[in-house]
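First comes the structure, then the notes that go with it.
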Amino acid sequence: MHEYSLIQSLVARVEAEARARSAVAIHRVVVQVGELSGVDPELFRTAYETFRAGTLCEGAELELRRLEAGWRCPACRRTIEKGAVLSCPACGTPAALAEGADAILLETIEMEVP
Amino acid sequence: MCTTCGCGDPELVPVELHEKILAGNDRAARHNRDHFVEAGVLALNLMGSPGSGKTAVLEATARAAKGRWRLGAVSADLATDNDARRLEAAGIPSKAITTGQACHLDAELVHHALHGFPWRDTEVFFIENVGNLVCPAIYDLGQAANVVVLSVTEGEDKPLKYPVMFRAADLVLLAKCDLLPHLDVKVERVEDALARVMPRPRMLKLSARTGEGMDAWIAWLEERRAPVAEKRKTLGPVTGAGPASPLAWGHSHGTGRGH
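In structure tokens, the structure reads:
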């Protein structure tokens, strides 16, 4: 249930950005959740609903964009199928994960500024 | 202000950040890592299910590494300091981190635990994480490598069920291998599962009870420790028990505050 501590970090970061820009309201927060980020999007949303009360995010919609985990051979760029052994069937090079697929990123904050 | 028509109303702006939500933890982890590297200490994050045998692996490591390296550990659990006591009894100076309701360690908790603990006197330092195959995987603690303990009783497909954890592993220790004759578990199937979640799968079969595989584990540790220790050599030998006050372990946080 680390989703709760992640939401605390998210809300704190959004509030800091909003204050720095003297925002009067926050409309939307966009977060990209990588498939291998270790974050369950539903739990993440539930945690957000719980924590946003009383914060500057109270009226802000949370938009989650999921990013699938794609694997490729870094040498010959060949796609490696989901569930397959993670080395290139052609050249044996260890597979590389698509950028962002292991991360949870705060992408955009839509805010009203004076 | 609205610049479209000059009406003076507030304007809706998208602020693009593309920033990791764990950026704060990653900063704290970098700070820990700088300390470990600069002190020439090999720090390892030991993870695994509750009951996988993390503490038993460390006890066996203390027996196998006796007289070779100075070991140290912090050991995390939601409650009790039982594991830290076990490690102390095995000859590993240890400190418990009681996390309360937190299901994982983060870099800040580790940093806090290092205060007042003579970790600089160690050569190999273990961070025994909370028993959990989910949450600890995403928190960088400043370790040099992640080691995941998977016991043979947990099932051959554990890596496929918890891909985030096993992808993060630099080494998997297949523990309790002395039980294999009593189980239907096939080691090849565990290896196959690992190859589907780890691009560079590395696994060692181990039994803390019989000592099977301990040589290979010690060799892996030595392979990791040697380059880290080079740094220590350039700094000169470690001095005995060190300063009496934990505050005298001195380093700068950029604020003039040492610890």
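So the protein lines, in turn, are chains A and B. Under this note's numbering, read the first sequence as residues 125 to 238, first letter to last. Under this note's numbering, read the second sequence as residues 433 to 691, first letter to last. We treat Cβ as the ideally placed atom computed from N, Cα and C, and that holds for glycine.
Interface flag, residue i vs chain A, CB-CB below 8 Å
i               : result
L573 of chain B : no
G532 of chain B : no
P591 of chain B : no
V580 of chain B : no
P414 of chain B : The structure shown does not extend to residue 414 of chain B, since chain B is modelled only from 433 to 691, so the question has no answer here.
K452 of chain B : yes
C567 of chain B : yes
E448 of chain B : yes
R634 of chain B : no
V562 of chain B : no
S684 of chain B : With a pLDDT of only 44 at S684 of chain B, under 50, the local geometry of the prediction cannot be trusted, and no value is derived from it.
I559 of chain B : no
H536 of chain B : yes
Beta-carbon contacts of residue i that lie in its chain and below 7 Å, excluding the five residues immediately before and after
i               : result
P442 of chain B : none
A198 of chain A : Sequence check: residue 198 of chain A is Pro here, not Ala. Answer for P198 of chain A: T217 and A220, listed in chain order.
R641 of chain B : D610
I650 of chain B : A496 and A497
A680 of chain B : Only weak support is given to the placement of A680 of chain B: the predicted model assigns it a pLDDT of 34, under 50, and the value that follows is read from those uncertain coordinates. Excluding sequence neighbours, A680 of chain B sits near nothing in its chain.
D164 of chain A : E127
H543 of chain B : A460, H463 and N464
A147 of chain A : M235, E236 and V237
D589 of chain B : A625
G472 of chain B : V660, A661, K663, R664 and L667
R172 of chain A : Before going further, note that residue 172 of chain A is Tyr rather than Arg in the sequence given. Cβ within range, chain order: I131 and L186.
Residue i at chain B interface by Cβ criterion, 8 Å
i               : result
L160 of chain A : yes
C232 of chain A : The question names Cys, yet the displayed sequence has Thr at residue 232 of chain A. By this cut-off, T232 of chain A is an interface position.
A227 of chain A : yes
R189 of chain A : no
L167 of chain A : no
E192 of chain A : no
L134 of chain A : yes
R143 of chain A : no
E223 of chain A : no
A139 of chain A : The identity of residue 139 of chain A in the sequence shown is Glu, whereas the question assumes Ala. No, E139 of chain A does not count as interfacial toward chain B.
L180 of chain A : no
L186 of chain A : no
Close Cβ partners of residue i (< 8 Å) along its chain, the five nearest in sequence each way excluded
i               : result
V155 of chain A : L134, F168, L186, E187, L188, R189, I228, L229, L230 and E231
Expected contact under 8 Å - CB spacing of residue i and residue j to nearest Å
i               : j               : result
E491 of chain B : A522 of chain B : 4 Å
L580 of chain B : R657 of chain B : The sequence as given places Val at residue 580 of chain B; Leu does not occur at that position. So it is not a contact: roughly 19 Å between Cβ atoms.
A508 of chain B : L537 of chain B : 5 Å
Close Cβ partners of residue i (< 6 Å) along its chain, the five nearest in sequence each way excluded
i               : result
T687 of chain B : With a pLDDT of 40 at T687 of chain B, under the threshold of 50, the predicted position of this residue should be treated as unreliable, and no value is reported.
G504 of chain B : P525, W551, T554 and F557
Of the listed residues the options, nearest to residue i (C-alpha basis)
i               : options                           : result
R152 of chain A : B:A455, B:H450, B:R462 and B:V445 : B:V445
A577 of chain B : B:T493, B:D602 and B:E623         : B:D602
E662 of chain B : B:E451, B:L474, B:Q533 and B:L638 : B:L474
G183 of chain A : A:I204, A:R145 and A:E236         : A:E236
L605 of chain B : B:R462, B:G480, B:E451 and B:I453 : B:G480
T487 of chain B : B:W652, B:P591 and B:G563         : B:G563
L130 of chain A : B:V447, B:N457, B:L449 and B:H450 : B:N457
C567 of chain B : B:A545, B:E520, B:F598 and B:V447 : B:F598
K608 of chain B : B:L638, B:E620 and B:A648         : B:L638
H614 of chain B : B:V584, B:R628, B:P595 and B:V629 : B:V584
Chain C residues whose Cβ lies nearer than 7 Å to that of residue i
i               : result
L444 of chain B : The structure shown has no chain C; the protein chains it does contain are A and B.
The ligand GDP heavy atom lying under 7 Å from the CB of residue i
i               : result
A545 of chain B : The ligand GDP is not part of the structure shown, which contains no ligands of any sort.
Contiguous beta strand (DSSP E) assignments of at least 3 residues, all confined to the region 139-194 of chain A
149-158 and 185-191
To test your reading of the DSSP string, which unbroken alpha helix (DSSP H) runs of 4 or more residues are found completely within the region 592-640 of chain B?
595-600 and 619-627
Considering only residues of the region 467-555 of chain B, which uninterrupted alpha helix (DSSP H) runs meet the minimum length of 4 residues and lie entirely inside it, listed in chain order?
486-496, 514-521 and 539-546
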